[in-house]
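Visitor:
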Amino acid sequence: MSDVQILASVQQFMARQHGHFIQGEWVKAASSERIHIINPATEQSVATIAVATKQEVEAAVQSAEQAFHTVWANTSPYERGQKLLKLADLVEQHAEEFAQLESLTTGKLIQLSRHLEVAQTIVFLRYFAGWATKIHGQTMTPSIPSMQGEQYTAYTMRQAIGVIAGIVPWNFSLMIGCWKIGSALTTGCTIVLKPSEFTTLSLLRLAELAIEAGIPAGVINVVTGAGQTGQYLIDAKKIKKVSFTGSVATGIAIGQRAMCNDLTRVSLELGGKNAAAICADADIDALLPTLLQATFVHQGQVCAAPERFFVHQSKYDEFIEKITVAMQQIKMGSPLDESTMFGPLSNKVHFEKVKQYLEMAQNKQQVICGGKVHAGTGYFVEPTLLKVTSVEDPLFMEETFGPVVSVITFEHDEELISMMNHSRFGLTASIWTNDLAKALRLIPKIEAGSVWVNMHTFLDPAVPFGGVKASGLGREFSDAFIEDYTELKSVMIRY
Ligand code: NAD
Numbered sequence: 030m031s032d033v034q035i036l037a038s039v040q041q042f043m044a045r046q047h048g049h050f051i052q053g054e055w056v057k058a059a060s061s062e063r064i065h066i067i068n069p070a071t072e073q074s075v076a077t078i079a080v081a082t083k084q085e086v087e088a089a090v091q092s093a094e095q096a097f098h099t100v101w102a103n104t105s106p107y108e109r110g111q112k113l114l115k116l117a118d119l120v121e122q123h124a125e126e127f128a129q130l131e132s133l134t135t136g137k138l139i140q141l142s143r144h145l146e147v148a149q150t151i152v153f154l155r156y157f158a159g160w161a162t163k164i165h166g167q168t169m170t171p172s173i174p175s176m177q178g179e180q181y182t183a184y185t186m187r188q189a190i191g192v193i194a195g196i197v198p199w200n201f202s203l204m205i206g207c208w209k210i211g212s213a214l215t216t217g218c219t220i221v222l223k224p225s226e227f228t229t230l231s232l233l234r235l236a237e238l239a240i241e242a243g244i245p246a247g248v249i250n251v252v253t254g255a256g257q258t259g260q261y262l263i264d265a266k267k268i269k270k271v272s273f274t275g276s277v278a279t280g281i282a283i284g285q286r287a288m289c290n291d292l293t294r295v296s297l298e299l300g301g302k303n304a305a306a307i308c309a310d311a312d313i314d315a316l317l318p319t320l321l322q323a324t325f326v327h328q329g330q331v332c333a334a335p336e337r338f339f340v341h342q343s344k345y346d347e348f349i350e351k352i353t354v355a356m357q358q359i360k361m362g363s364p365l366d367e368s369t370m371f372g373p374l375s376n377k378v379h380f381e382k383v384k385q386y387l388e389m390a391q392n393k394q395q396v397i398c399g400g401k402v403h404a405g406t407g408y409f410v411e412p413t414l415l416k417v418t419s420v421e422d423p424l425f426m427e428e429t430f431g432p433v434v435s436v437i438t439f440e441h442d443e444e445l446i447s448m449m450n451h452s453r454f455g456l457t458a459s460i461w462t463n464d465l466a467k468a469l470r471l472i473p474k475i476e477a478g479s480v481w482v483n484m485h486t487f488l489d490p491a492v493p494f495g496g497v498k499a500s501g502l503g504r505e506f507s508d509a510f511i512e513d514y515t516e517l518k519s520v521m522i523r524y
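Following my numbering, the numbering of the sequence shown begins with 30 at its first residue and continues without gaps.
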């Protein structure tokens, strides 16, 4: 097979001298500093982006604040929903363009860009659109007895909080950016997005389409650059909430700064070192295809994907034998080739980090399968399985965020739970068993925001998502996000 043909519209978009997207139009960058966007499969620059100055970031926040007060907060919930639906339709019309932009800049397999990133972006935008007309308060009867015969009634209302700062990582920039856009716009908030400096293009393209969808100028703004640009954004006085997705270290620093900025709200979706427990009764042949897909999707660069396997000792030999055979069949190649099963890591910085973990494992002779770095062009490493004997092993403690998974055995459920919870992270976990009673007993004991049974790495807009411990603060999706994007106002009336 060969690479897909790159669309002329994608080539033209990449060739542009991108500025920032503020107040519904392109603004030429004030600084001449540019960041190269590198295709991780070829190591070639495919585009450059601007680095926003403090003044440009503040202009974007000013635009979002003005749009909040003058237009968006006064737009009816029905109309807000309709405009988000229109945006989803436009993403669908331009789906191949978005898929190619994502694959060219992240190394994501073209099939994954099409069927997961872009397809799910559309599903999520439509889901969020539905919430616009369903946000409500409550009425209540005050509880203190009346002294002089007067009566009271009370109600609550939810009001949009204002301008959101959306800071996005590189692994699923379009989809995660749209989670933030959907949450903000459906509740009546406006947003300034700062995409990752590694994968900026798809959100810039989306901002243009938002205007075509009839979303008023200033409701969605995009400023580009690296960490410093993000810092200007969270420090801006008019930001009412920071919605951050990224690493634990950056998330903690952002949380502290946001608190200092007059208690700016924060929600943090951070890293994980997610556990998958394969119980004694599990059918290895039946579970392997699903487990492998969940583990190595996008080369393991998925916050929710498992990196720690706990296998009951009675199943260990069978599991290792069968997973090794299956992993050796994973075909590595160009992400733009539709038959490729495994592409490169998304950027050089991350590639260097994963390489260090692989070297550590090679030095300690822990590699069961994979472990090699591709010698040629591109940031390719093999899907890798490592053997560990202690939960204190750094390879079992630290998030690699790559296709590197470690395996350990367990004997009984108490030991399993104690080992699974021996982590600073608590994003996701899974139990693989046909014994539902066992699963139901284990679920409450697992320290994780999401627990799956016989599945893993599966996000649905109707099911809340977020981490416990160092994996994050707050929940996305379902109705759980609404509290974060709205202020609850209590009203009491005497009559
Ligand atoms: P990162 O923390 O390096 O960067 C994330 C974003 O923050 C980027 O846009 C970056 O430019 C910006 N940033 C960096 N320093 C900043 C600062 N001081 N102030 C403001 N913004 C700043 O993370 P990454 O490498 O892009 O993403 C990988 C990490 O993201 C992994 O740890 C992964 O687990 C996590 N992640 C979590 C989820 C989730 O939903 N829990 C989803 C995807 C990724």
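Ideal placement from N, C-alpha and C gives every residue a C-beta, glycine not left out.
Give a yes or no on contact between the segment 307–327 and the segment 346–364, applying the rule of three or more CB pairs nearer than 8 angstroms.
Guide: Taking 8 angstroms as the limit for Cβ pairs, the verdict is that the segment 346–364 does touch the segment 307–327.
Visitor: Could you give the residue range of the beta strand (DSSP E) that holds Ser452?
Guide: Note, Ser452: premise wrong, no beta strand (DSSP E); not H, not E.
Visitor: Report all residues from its chain with a CB closer than 8 angstroms to the CB of Lys269; omit the five preceding and five following residues, and keep chain order.
Guide: Ile190, Gly191, Val192, Ile193, Cys218, Thr293, Arg294
Visitor: Please state whether the Cβ-Cβ distance between Ala236 and Phe50 is less than 9 angstroms.
Guide: yes
Visitor: Using only the heavy atoms of the ligand NAD, determine whether one of them is closer than 8 angstroms to the beta carbon of Gln149.
Guide: no
Visitor: List the endpoints of the continuous beta strand (DSSP E) containing Met186.
Guide: Secondary structure note for Met186: its beta strand (DSSP E) is the uninterrupted segment 181–189.
Visitor: Just to confirm, does Gly594 get its C-beta within under 8 angstroms of one of the non-hydrogen atoms of the ligand NAD?
Guide: As shown, the chain starts at 30 and ends at 524. That puts residue 594 outside it, with no answer to give.
Visitor: So who's on the other strand from Gln73, going by DSSP bridges?
Guide: Asn68
Visitor: Runs of 3 residues minimum, wholly inside the segment 296–373: which ones carry the beta strand (DSSP E) assignment?
Guide: Within the segment 296–373, the complete beta strand (DSSP E) runs of at least 3 residues are 303–307, 335–341.
Visitor: What residue range is occupied by the uninterrupted alpha helix (DSSP H) comprising His98?
Guide: His98 -> alpha helix (DSSP H) spans 83–99.
Visitor: Confirm, please, whether the CB-CB distance from Ala306 to Ser479 is below 9 angstroms.
Guide: no
Visitor: For Trp101, collect the residues of the same chain with a Cβ closer than 7 angstroms to its Cβ; drop the 5 residues on either side in sequence, then sort them by chain order.
Guide: Result list for Trp101: Gly217, Thr219, Pro245, Val248, in chain order.
Visitor: For Glu428, verify whether its CB is less than 8 angstroms away from any heavy atom of the ligand NAD.
Guide: yes
Visitor: By how many angstroms is the C-alpha of Arg155 removed from the C-alpha of Gln149?
Guide: Looking at the two C-alpha atoms, the distance is approximately 10 angstroms.
Visitor: What's the C-alpha gap between Glu298 and Ser175?
Guide: Cα to Cα, the separation comes out at about 46 angstroms.
Visitor: My guess is that Pro432 and Gln328 are in contact by the Cβ rule of under 8 angstroms, so how many angstroms apart are they, rounded?
Guide: Contact between Pro432 and Gln328 holds: their C-beta atoms lie close to 5 angstroms from each other, under 8 angstroms.
Visitor: With which residues is His123 paired in a DSSP beta bridge?
Guide: Beta bridge pairing from DSSP links His123 with no other residue.
Visitor: Using beta-carbon positions only, say whether Ser60 and Ala79 come within less than 9 angstroms of one another.
Guide: yes
Visitor: For Asp508, does the count of other Cβ atoms within 10 angstroms reach 16, so buried, or fall short, so exposed?
Guide: Around the beta carbon of Asp508, fewer than 16 other beta carbons lie within 10 angstroms, which makes this residue exposed.
Visitor: So, at 6 angstroms on beta carbons, what are the nonlocal neighbours of Ala287 in its own chain, with the 5 sequence-adjacent residues on each side left out?
Guide: Ile263, Val271, Thr293, Val295
Visitor: So, Arg337 versus Ala304, is the Cβ gap smaller than 9 angstroms?
Guide: yes
Visitor: Quick check on the burial criterion: 16 or more other C-beta atoms within 10 angstroms. Buried or exposed for Ile196?
Guide: buried
Visitor: Nearest by alpha-carbon distance to Ala70: which of Met361, Asp310, Arg143 is it?
Guide: Out of Met361, Asp310, Arg143, Met361 has the C-alpha closest to the C-alpha of Ala70.
Visitor: Say yes only if the C-beta of Pro432 is nearer than 8 angstroms to one or more non-hydrogen atoms of the ligand NAD, and no if none qualify.
Guide: no
Visitor: I'd like to check one pair, Glu131 with Thr228: are the Cβ atoms closer than 9 angstroms?
Guide: In this structure, Glu131 lies closer than 9 angstroms to Thr228 by Cβ.
Visitor: Please name the residue in Lys518, Asn483, Asp422, Phe494 whose C-alpha comes closest to that of Val434.
Guide: Asp422
Visitor: Could you tell me the distance, in whole angstroms, from the CA atom of Glu381 to the CA atom of Thr486?
Guide: Taking the straight line from one Cα to the other gives about 25 angstroms.
Visitor: Report the partner residues of Val436 according to the DSSP bridge assignment.
Guide: Phe338, Lys416, per the DSSP bridge assignment.
Visitor: Is it the case that the Cβ atoms of Lys112 and Leu214 are separated by a distance below 9 angstroms?
Guide: In this structure, Leu214 lies closer than 9 angstroms to Lys112 by Cβ.
Visitor: Would you kindly report the start and end of the unbroken beta strand (DSSP E) that includes Glu237?
Guide: Looking at the DSSP string, Glu237 is not in any beta strand (DSSP E); the run it does join, the alpha helix (DSSP H), is 230–241.
Visitor: Return yes when the C-beta of Val331 is under 8 angstroms from any heavy atom of the ligand NAD, and no when it is not.
Guide: yes
Visitor: Can you tell me whether His379 sits near the ligand HEM, meaning its C-beta is under 8 angstroms from at least one heavy atom of the ligand?
Guide: By its list of ligands, the structure shown excludes the ligand HEM, since it contains just the ligand NAD.
Visitor: Does the Cβ of Leu299 lie closer than 8 angstroms to at least one heavy atom of the ligand NAD?
Guide: yes
Visitor: Start and end of the alpha helix (DSSP H) containing Lys461?
Guide: The question names Lys, yet the displayed sequence has Trp at residue 461. First-last for Trp461: 457–461, but that is the beta strand (DSSP E), not the alpha helix (DSSP H).
Visitor: What whole-angstrom Cβ distance do Ala333 and Leu471 have, given they're in contact under 8 angstroms?
Guide: The pair is not a contact, with the Cβ atoms about 19 angstroms apart (cut-off 8 angstroms).
Visitor: Could you pull out every residue in the same chain whose Cβ sits closer than 6 angstroms to the Cβ of Arg143, ignoring the five residues on either side in sequence?
Guide: Taken in chain order, the residues that qualify are Ala128.
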